[in-house]
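Notes follow once the structure below has been shown.
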Amino acid sequence: MTQQYPSRLLERAVQEFSKLPGIGRKTALRLVLYLLRQGGEEVTLFTEAIDHMKREVKFCRVCHNISDQDVCPICSDHRRDTSLICVVENIQDVMAVENTQQYTGLYHVLGGLISPMDGIGPSDLEIDSLVARVAEGGIKEVILALSSTMEGDTTNFYIFRKLAPFQVKVSIIARGIAVGNELEYTDEVTLGRSILNRTPFVDN
1 MTQQYPSRLL ERAVQEFSKL PGIGRKTALR LVLYLLRQGG EEVTLFTEAI
51 DHMKREVKFC RVCHNISDQD VCPICSDHRR DTSLICVVEN IQDVMAVENT
101 QQYTGLYHVL GGLISPMDGI GPSDLEIDSL VARVAEGGIK EVILALSSTM
151 EGDTTNFYIF RKLAPFQVKV SIIARGIAVG NELEYTDEVT LGRSILNRTP
201 FVDN
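Everything in the sequence shown is counted per the working numbering, starting at 1 for the first residue and increasing by one.
Take a look at the structure:
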């Protein structure tokens with residue numbers, strides 16, 4: 001049965017909120033009604049924060065992580081091990097690995113995984129920029145920390161082949177993460193151990 005709304009403005013707001021991932025129309029309605037009950041100042045702060053983020057947020061020109069500056073705090077931190085690069089699918093994965101407090105190197109955010117079924121090829125991802133970073137020298141190890149899925153394995157293999165001409169160790173996180181799992185949903189202890197117990201990537 002189609003939900004009937006007493007206001008077209010309310011219905012439009014619900015439609016926009018329901019476009020967010022994981023938000024159904026019932027949850028969207030609860031969020032909209034919550035905002036409707038708030039004072040004008042609170043709602044203004046909420047909308048200004050989203051608008052300001054959209055206009056001002058940057059992507060690090062080195063690793064492609066989200067940043068307020070041209071170079072993110074991780075890449076500009078002199079305490080990080082600049083000889084290590086951890087390759088991840090997205091920004092959420094950077095946050096997940098950082099939360100383990102087991103990794104002190106740098107990152108490289110691909111922006112997705114190779115998925116021919118979805119029309120996503122290597123040229124759609126930040127793979128060439130990763131190869132360029134390695135080609136510059138100074139990198140001793142590249143850690144492939146991608147999801148244990150068919151798309152993740154395909155991307156791992158492609159990156160491994162692209163890095164083959166360089167004198168760099170390529171490793172993969174330990175399979176403590178269940179096959180099919182995405183990194184951002186893995187608990188911190190398991191993910192931390194998977195990074196510490198990483199193994200050399202084997203071309204099968």
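The beta-carbon is built from N, C-alpha and C at its ideal position, and this holds for glycine as well. In this text, all values refer to a predicted model and were calculated from it rather than measured experimentally.
{"Item": "Out of Arg79, Leu10 and Ile139, which one is the CA nearest neighbour of Arg37?", "Value": "Leu10"}
{"Item": "Which residue from Ser148, Glu136, Asn99 and Gly152 puts its Cα closest to that of Leu163?", "Value": "Glu136"}
{"Item": "Tell whether a beta-carbon distance below 7 Å holds between Glu151 and Leu113.", "Value": "yes"}
{"Item": "When the Cα atoms are used, what is the spatial distance from Phe157 to Arg55?", "Value": "36 Å"}
{"Item": "Following the continuous alpha helix (DSSP H) through His52, name the residue where it begins and the one where it ends.", "Value": "Gly40 to Glu56"}
{"Item": "Between Ile234 and Gln101, what straight-line distance do the alpha-carbon atoms span, to the nearest angstrom?", "Value": "With the chain represented from 1 up to 204, any question about residue 234 goes unanswered, as that position is not in the structure."}
{"Item": "Distance, Cα to Cα, Val202 vs Ser148?", "Value": "15 Å"}
{"Item": "By DSSP, does Glu89 sit in helix, in strand, or in coil?", "Value": "coil"}
{"Item": "Look at the alpha carbon of Ser171 and the alpha carbon of Thr199, and state the distance between them as a whole number of angstroms.", "Value": "5 Å"}
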